[in-house]
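Numbering (this note's numbering), first residue to last: 1 to 136.
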């Protein structure tokens, strides 16, 4: 794949991949990182793309796998933090800004989706937010 083809692929697919990443992560900053990493991973493994499916479907699969790996890392980190805080006898109150952010997120339909197990959440985002067919 040459530089021109890469540019065309990114131009055509990046907005949809990024939008799916925003809905999967619930965070624009994380979504931007995840979308960029999706394209980096795609370029590294382009030679393995067998063209039996649409390139968009392949990119969504990479996105979902990267998100799954990212969440596994978060779970490990979260467990370490919970253990660390459990050893301490204090809790800091949330800032007013953080309380507002939490409240706004809880009001969102996508918040409910974000609490689903990974496979269900990813399937809902790809089907209803991205318009993919059930087969894709």
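Cβ atoms here follow ideal geometry from the backbone N, Cα and C, with glycine treated the same way.
So the alpha helix (DSSP H) residue 7 belongs to, where does it begin and stop? Its alpha helix (DSSP H) spans residues 3-25.
Hey, residue 14 and residue 31 are a contact pair by Cβ (cut 8 Å); roughly how many whole angstroms apart? Their Cβ separation, rounded to whole angstroms, is 12 Å, which puts residue 14 and residue 31 out of contact at 8 Å.
Burial state of residue 128, where buried means 16 or more other Cβ atoms lie within 10 Å: In summary, residue 128 is exposed, with fewer than 16 beta-carbon neighbours lying within 10 Å of its beta-carbon over all protein chains present.
Put residue 60 into one of helix, strand or coil per three-state DSSP. DSSP places residue 60 in helix when its eight states are reduced to three.
Need the endpoints of the alpha helix (DSSP H) that residue 123 sits in, please. Taken as a continuous stretch (DSSP letters only), the alpha helix (DSSP H) holding residue 123 covers 118-124.
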